[in-house]
Every structure is written in C-alpha cells, then in structure tokens.
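To start, the structure itself, in structure tokens.
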Amino acid sequence: MLRKRTNSIRPNLLKKMDAYWRAANYLSVGQIYLYDNPLLKTPLTRAHIKPRLLGHWGTTPGLNFIYVHLNRIIKAHDLNMIYITGPGHGGPGLVANAYLEGTYSEVYPDVSQDEQGMQGLFKQFSFPGGIPSHVAPETPGSIHEGGELGYSLSHAYGAVFDNPDLIAACVVGDGEAETGPLATSWHSNKFLNPVTDGVVLPILHLNGYKIANPTVLARISHSELEQLFRGYGYAPYFVEGHDPRTMHRLMATTLDTVVNEIQRIKTGARRNGTTQRPRWPMIVL
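Be aware that the sequence shown starts at 0, since it is given in numbering that gives the first Met the number 0, and climbs by one per residue.
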C-alpha cells in the first residue's frame, strides 16, 4: 500500500540529491570520454581521452536527474518501483548510478569503489572487451536494452500486468517517441486494471533533440502537447526549467503529487469498485 506524504522537501535533502546528481553526471561523462586519469589528478591530455567516443551525453543528465528523484520517492512512499530507460545510448547514466549506490561493485567486484575501480569503470565503457553503450542485459536492474528505439513503454506495461504493487517508471526520449512502436504504446494504458495490475508512470524526456535533429514534440506548443497526451488518456504534469535548484524542488513536489494520485486511483478501484477507466498521470520533463 502506498503511503501518502504531503510534507515539503527539506532543503538539506535537496542539497544532497543535487550532489548525488552531479556525482552521477561526473561518472557518466567519465565513461564516455576518459581512458585514464579518472580523478583528474594530473592535467588532462589527449592520451587520457578515448580514441573513439560512443554513448551520448545529451540524454544522460536527465536520466541521472530522474534516477535520484525516483530513489527519494521510493524511500518516502515505500514503493515497489523499477526504472526503464528508453533513450538509446543512455547507458552511462544507469551504469553510473548502479556504481554510485554500490550495486555495480557487488555484481562486478573488480570494478571497485576506489580510484582503480573507477578507472576500470571508465575504460570499459564502449571499449573492446568492455560493456555496450546501452543499458545492456549485464547492467544491474535492466529489463530493457534500449539499443533499438521504440519498445520501452511496451516493456513497462508488460512488467506491470498482473503485478498489482509494481510501478514502472518509464523514461521515453522525445526522439524515441517518434517511432511507430512507441507512438502506439501510449494506448496501453487502456488495458490496465487498477485492481489486478500495477502502474506505468511515463516520463517524457523532452530535451529537444534526437541523435542529430530537433524533435517534433519539442517544437509544438505547450497546449498542443498537453492536449495530445490528454487525448491518449493521461493526466500530464509538466516539470519545466533550467535552474537545477528550481528543477529539483519542482520534480520532488510533482512526484509526490503523482504518487498520491496513483494511490487515490488504486484505492478507489480496490475499495469502492470504481469501474470508470482512470486518467493515469505522466510527467513531461
């Protein structure tokens, strides 16, 4: 059962979350670029940089931002939640967070939480004999690879069917959202039973670009985007801005609101036998 919380987020907690986010960003950019010198103890030279760069920075700060906020909401509301990332080449973010929280070193003891382990973490990413640039099966917690765009939302819904206490937070890239499979997957909310199934929380990562071009959803107006997702049957919550401090507070507040709304819908269906199809929440980031 979800625990309803309405308390405001403590400034000290937001400060710690921001530090965690920045640490995850450093670990992510290190995987993409660094072959050596993981703590930058000496001046950076060309010899420290990988000769071939794979894995995209663009989606990664957003994935890390979402990750730390989902961690907070899991603890605050005692949630059973998984995190599915659709944006391709966002692998460094998920690997960074698994490493930062200690899970990666538990699974792969040779990638230890020290300078030597960090160097191994950085070197192995998108490197011969290392790990892929996507959230591959060997990434702890992964059920969605992400190398072929368009299937994240269908995997998320598949995970929650007949799994009533699970919430699948699914990040959809705005470039990924233009693929046929993903565009159709938005309708999967119509098959959810609030009593016997879990919940999918789609998070549209609207950072404006796909691999090399602007995205359609980032170029339409706010009202048109809202109407689009209301037409799909969702209740969209917008978290918008550029200042990290403001965005941390907005995201935390929005997630509390969304989780309480999920609780209200599921409680109404289970206790009161509500039969009307609910309008499930989603987030546009």
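For each residue, glycine too, the CB sits at the ideal point set by N, CA and C.
None of the values given here were measured: they were computed from a predicted structure.
Cα-Cα separation between residue i and residue j, rounded to whole angstroms
i	j	result
lysine 15	leucine 249	16 Å
leucine 50	leucine 62	Before going on, a small fix: residue 50 reads as proline here, not leucine. Cα to Cα, proline 50 sits roughly 25 Å from leucine 62.
serine 187	isoleucine 130	32 Å
phenylalanine 124	tyrosine 32	9 Å
lysine 189	glycine 207	28 Å
histidine 143	glycine 87	10 Å
proline 193	phenylalanine 228	20 Å
aspartate 35	aspartate 255	41 Å
threonine 252	leucine 284	13 Å
arginine 4	asparagine 259	Here arginine 4 scores only 49 on pLDDT, less than 50, and its place in the model should not be relied on; the value that follows carries that caveat. When rounded, the distance between both Cα atoms is 8 Å.
alanine 103	tyrosine 156	According to the sequence shown, residue 103 is tyrosine rather than alanine. About 26 Å.
glycine 119	glutamate 100	17 Å
aspartate 17	histidine 247	8 Å
arginine 2	glycine 230	Residue confidence for arginine 2 is low, a pLDDT of 46 falling below 50, so the modelled location carries little weight and cannot support an answer.
serine 111	glutamine 262	39 Å
leucine 191	threonine 273	13 Å
glycine 89	lysine 265	32 Å
leucine 216	proline 108	42 Å
asparagine 11	aspartate 242	17 Å
methionine 0	alanine 211	Because methionine 0 sits at a pLDDT of 42, beneath the cut-off of 50, its placement in the model cannot be relied upon, and the following sentence gives the value as read from the coordinates. Rounded to the nearest angstrom, the two C-alpha atoms are 43 Å apart.
threonine 138	methionine 117	16 Å
leucine 219	aspartate 173	A small fix is needed here, since residue 219 is isoleucine in this sequence, not leucine. If you take the alpha carbons of isoleucine 219 and aspartate 173, they lie about 12 Å apart.
Element boundaries [alpha helix (DSSP H), containing residue i]
i	result
threonine 224	First, the amino acid is wrong: residue 224 is leucine here, not threonine. 221 to 230 is the extent of the alpha helix (DSSP H) around leucine 224.
tryptophan 56	Element bounds for tryptophan 56: n/a, residue is neither H nor E.
tyrosine 34	Per DSSP, tyrosine 34 belongs to no alpha helix (DSSP H) and is neither H nor E.
The beta strand (DSSP E) enclosing residue i, as first and last residue numbers
i	result
glycine 85	Where glycine 85 is concerned, there is no enclosing beta strand (DSSP E), given that its DSSP letter is neither H nor E.
proline 280	279 to 283
alanine 268	Here alanine 268 belongs to no beta strand (DSSP E); instead the alpha helix (DSSP H) covers 243 to 271.
proline 42	Run containing proline 42: none; DSSP gives neither H nor E here.
alanine 234	233 to 237
Identity of the residue in the options nearest residue i by Cα
i	options	result
glutamate 114	Pro127, Phe126, Tyr98, Gly128	Tyr98
valine 257	Arg276, Pro280, Gly240	Pro280
leucine 53	Ser187, Ile8, His186, Pro127	Pro127
tyrosine 236	His204, Pro37, Pro243, Lys209	His204
isoleucine 81	Leu12, Gln123, Ile8, Ala158	Ala158
alanine 168	Gly140, Met117, Gly174	Gly140
asparagine 162	Gly145, Thr195, Val110, Val171	Thr195
arginine 276	Ala234, Glu239, Arg244	Ala234
glutamate 239	Gly232, Phe160, His221	His221
histidine 47	Gly29, Leu148, Leu13, Trp185	Gly29
glycine 57	Tyr19, Ser27, Leu224, Ile83	Ser27
Taking 8 Å as the cut-off, does the region 91 to 101 touch the region 133 to 144 (at least 3 CB pairs, one atom from each stretch)?
yes
Meets three-Cβ-pair contact criterion under 8 Å: the region 30 to 46 and the region 67 to 76:
no
In chain order, which continuous runs of the alpha helix (DSSP H) of length 4 or greater are located wholly inside the region 178 to 210?
You should have 179 to 184.
Looking at C-beta atoms only, is the number of pairs between the region 18 to 34 and the region 47 to 67 that lie closer than 8 Å three or more?
yes
With three or more C-beta pairs closer than 8 Å as the rule, is the region 260 to 272 touching the region 178 to 190?
no
Counting Cβ pairs, one atom from each stretch, are 3 or more of them under 8 Å apart for the region 142 to 159 and the region 197 to 208?
yes
Go through the region 90 to 178 residue by residue and report every complete run of the alpha helix (DSSP H) that reaches 4 residues or more, in order.
Segments of the alpha helix (DSSP H) lying fully in the region 90 to 178: 90 to 99, 102 to 106, 114 to 123, 151 to 159.
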